[in-house]
DNA sequence: GTGAAAGCGCTAACAC
DNA sequence: GTGTTAGCGCTTTCAC
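Residue numbers (the working numbering), protein chains in the order written: chain A, 111 to 453; chain B, 111 to 453.
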């Protein structure tokens, strides 16, 4: 491997000067700098990040832990994070927690050994405790809040997103609206449920516990929950599903029961996706700006890192702890008026 | 940060012994080892991967470059790689080339600085040249072959996958079968095109150049190509599309032209996906074992790394250069007999 | 079986 | 402006 020593020798300077020429050009005579740069170029020099990180205690690396990279929403988050990180010369170490606190812990431990300069995490149910592993590390929680106080979070406005979706349904005359919602130890699930409740109240509908079924964010859970809800004596005429994977399950359940959407059942999902657009009827959804969410989280983290090392301009000194991005309700063909149905 | 020094002091031994106790237990007295292990445990010691990597020139890190993490196929590849890597204590540095050779080069350069022990890459058109950046690094090419001779590759059997799909179409009586295929500088596209040709020949149909349109793997390309093919004076009665993103485009094009699948057009795509299953009619596809592909690539790479350092048992000494996994044609509702149509 | 010492490649502190 | 020196945390000779 070509090291800084070789470059220095080729340029006829000391290693220290070579280092400065490359990273602090202003400390070096123009002429010297050019000699070094040319030598580096010619030899194909690439700095050894490990050595530099060891010395400066700054690896130019950030950690990212998502709960499920196979979920396009998370893949998109990851891309947003990566693109911003890369643009700033940071490398991303990505891990999957698969929604399991134990895997998350392992990821955090591995990460810790790599001495990252920051962390972006989509929390699981136990992140609050696990984050102790990387105590002191600038951290941004993405999409969900772990509940750790003082934590920086970048999330979507779940409350009003859900409220809007359900209000759309009540506006169509639906009174028996079911909800399939994630585990209540996840902040997004709590907020979306609350939005549902508020929308019902706004429409003067009393909340019915039996119309709300929990699921663990997976397709299979959504299917089972939908099957149960739709097999009731008085099944709901509309369904609001709290995450994209579970929505697929709900669609499958409706098909199994030969319910036609939207004639027999109106459906709104949370989070847009390719299949929601191509299935027929196309699905109405609460769309989330996933890519932007990832970008903002990364920008936020970089500011935190900058703020810590004091490289920051005044503008960002007072970073908001919590950022909320808006959702957008997309009307497609999966909802219909109850009146129309009965007619 | 808790370092090995602290652990050593707490255990009343020298740093050297502490290091040995943790990584070469056989070189240390049982009693000593236990003391060290307990101390490490108690203090929450996590080895500094940077320091170790610097010293041993082995970072326990591998690089992964995919062309598009937003493509579920690639996300699944990545998950397969990650799961295997993690199980063996390796951390994955993942990059996106977005199908752009320049981004791929940048990723390779960044990667190089991190001193990875191996690389898994889904090649772009110029990978053969760019790989020079990491010359000597154990490398596995995934899903596609860069053309570098002697390279280790893990791919799917594109040729027979495509042949089977098109033979299915000819078996249904189709004679005018269009193909939308990726750039010919990508090996998968070449192989799939060849499979198409062979299937035609097998059915005694003469190849028509004008029925084959290229696209750059994106949805928009697929749409445009399909639009052109389907607007011909004598449009094809069936379409075989060479990748999943472009297949979405083809479906959209068919809808725009008010062609009903499969009545007016039979369609087979390459690579299965969520939307292919949920759209109606459900799409027949050549399914690829994406997760397994990633797993196998990573196992292969780990063997290469092992072989290099001589840690390997004889069994894997003679690693095959190229691994091919089979595809599987899934029959759903997007294809129909021409005869039935005309009837 | 264990400790002392050197050094991986780099940069920060201190001289000059 | 530039060189010298030391040391980041770890592993690995080489002694004992």
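Even for Gly, the Cβ is constructed at its ideal location relative to N, Cα and C. The structure presented is a predicted model; accordingly, all values stated were derived computationally and were not measured.
CA-to-CA distance, residue j to residue i, given in whole angstroms
{"i": "residue 238 of chain A", "j": "residue 146 of chain A", "result": "48 Å"}
{"i": "residue 144 of chain A", "j": "residue 398 of chain A", "result": "48 Å"}
{"i": "residue 193 of chain A", "j": "residue 402 of chain A", "result": "11 Å"}
{"i": "residue 378 of chain B", "j": "residue 443 of chain B", "result": "10 Å"}
{"i": "residue 232 of chain A", "j": "residue 315 of chain A", "result": "34 Å"}
{"i": "residue 278 of chain A", "j": "residue 392 of chain A", "result": "16 Å"}
{"i": "residue 261 of chain B", "j": "residue 437 of chain A", "result": "47 Å"}
{"i": "residue 427 of chain A", "j": "residue 264 of chain A", "result": "Per-residue confidence for residue 427 of chain A stands at a pLDDT of 47, beneath the threshold of 50, marking its modelled position as unreliable; no derived number is given."}
{"i": "residue 112 of chain A", "j": "residue 185 of chain A", "result": "36 Å"}
{"i": "residue 188 of chain A", "j": "residue 205 of chain B", "result": "11 Å"}
{"i": "residue 162 of chain B", "j": "residue 208 of chain B", "result": "33 Å"}
{"i": "residue 469 of chain A", "j": "residue 339 of chain A", "result": "Residue coverage of chain A in this structure runs from 111 to 453, which leaves residue 469 of chain A outside it and unanswerable."}
{"i": "residue 273 of chain B", "j": "residue 396 of chain B", "result": "10 Å"}
{"i": "residue 455 of chain B", "j": "residue 219 of chain B", "result": "The requested residue 455 of chain B does not occur in the structure, where chain B is confined to residues 111 to 453."}
{"i": "residue 327 of chain B", "j": "residue 351 of chain B", "result": "10 Å"}
{"i": "residue 121 of chain A", "j": "residue 156 of chain A", "result": "16 Å"}
{"i": "residue 183 of chain B", "j": "residue 329 of chain A", "result": "18 Å"}
{"i": "residue 284 of chain A", "j": "residue 198 of chain A", "result": "49 Å"}
{"i": "residue 210 of chain A", "j": "residue 230 of chain A", "result": "17 Å"}
{"i": "residue 150 of chain A", "j": "residue 125 of chain A", "result": "12 Å"}
{"i": "residue 337 of chain A", "j": "residue 364 of chain A", "result": "8 Å"}
{"i": "residue 318 of chain A", "j": "residue 384 of chain A", "result": "32 Å"}
{"i": "residue 366 of chain B", "j": "residue 235 of chain A", "result": "45 Å"}
{"i": "residue 114 of chain A", "j": "residue 191 of chain A", "result": "31 Å"}
{"i": "residue 404 of chain B", "j": "residue 275 of chain B", "result": "24 Å"}
{"i": "residue 423 of chain B", "j": "residue 410 of chain B", "result": "Low confidence applies to residue 423 of chain B: its pLDDT is 47, below 50, so where it sits in the model is not reliable enough to give any reading."}
{"i": "residue 370 of chain A", "j": "residue 282 of chain B", "result": "31 Å"}
{"i": "residue 128 of chain B", "j": "residue 133 of chain A", "result": "36 Å"}
{"i": "residue 271 of chain B", "j": "residue 148 of chain A", "result": "50 Å"}
Neighbouring residues, chain A, relative to residue i (Cβ below 9 Å)
{"i": "residue 204 of chain B", "result": "188, 192, 202, 203 and 204"}
{"i": "residue 265 of chain B", "result": "Within chain A, no residue comes near residue 265 of chain B; the closest Cβ sits about 21 Å away, beyond 9 Å."}
Contact list for residue i against chain B, beta-carbon separation under 7 Å
{"i": "residue 361 of chain A", "result": "388"}
Residue i and residue j closer than 9 Å at C-beta
{"i": "residue 357 of chain A", "j": "residue 332 of chain A", "result": "yes"}
{"i": "residue 138 of chain B", "j": "residue 174 of chain B", "result": "no"}
{"i": "residue 244 of chain A", "j": "residue 253 of chain A", "result": "no"}
{"i": "residue 302 of chain B", "j": "residue 268 of chain B", "result": "yes"}
{"i": "residue 310 of chain A", "j": "residue 348 of chain A", "result": "no"}
{"i": "residue 160 of chain B", "j": "residue 169 of chain A", "result": "yes"}
{"i": "residue 250 of chain A", "j": "residue 408 of chain A", "result": "yes"}
{"i": "residue 280 of chain A", "j": "residue 255 of chain A", "result": "no"}
{"i": "residue 324 of chain A", "j": "residue 294 of chain A", "result": "yes"}
{"i": "residue 123 of chain A", "j": "residue 142 of chain A", "result": "yes"}
{"i": "residue 388 of chain B", "j": "residue 388 of chain A", "result": "yes"}
{"i": "residue 390 of chain A", "j": "residue 341 of chain B", "result": "no"}
{"i": "residue 172 of chain A", "j": "residue 415 of chain A", "result": "yes"}
{"i": "residue 286 of chain B", "j": "residue 372 of chain B", "result": "no"}
{"i": "residue 196 of chain A", "j": "residue 216 of chain B", "result": "yes"}
{"i": "residue 448 of chain A", "j": "residue 406 of chain A", "result": "no"}
{"i": "residue 412 of chain A", "j": "residue 228 of chain A", "result": "yes"}
{"i": "residue 158 of chain A", "j": "residue 246 of chain B", "result": "no"}
{"i": "residue 292 of chain A", "j": "residue 321 of chain A", "result": "no"}
{"i": "residue 360 of chain B", "j": "residue 381 of chain B", "result": "no"}
{"i": "residue 179 of chain A", "j": "residue 296 of chain B", "result": "no"}
Contact list for residue i against chain A, beta-carbon separation under 7 Å
{"i": "residue 158 of chain B", "result": "223 and 225"}
{"i": "residue 163 of chain B", "result": "160"}
{"i": "residue 169 of chain B", "result": "160"}
Chain-ordered chain B contacts of residue i [CB-CB under 8 Å]
{"i": "residue 180 of chain A", "result": "182, 185, 186 and 189"}
Contact list for residue i against chain A, beta-carbon separation under 8 Å
{"i": "residue 358 of chain B", "result": "384 and 388"}
Residue i beta carbon near the ligand FAD (any heavy atom closer than 8 Å)
{"i": "residue 117 of chain B", "result": "For the ligand FAD, the structure offers nothing, since it holds no ligand at all."}
If contact means a Cβ-Cβ distance below 9 Å, which residues of the region 217-244 of chain B contact chain A? Going along the region 217-244 of chain B in chain order, one finds 217, 219, 220, 221, 222, 223, 224, 225 and 243 with a Cβ nearer than 9 Å to chain A.
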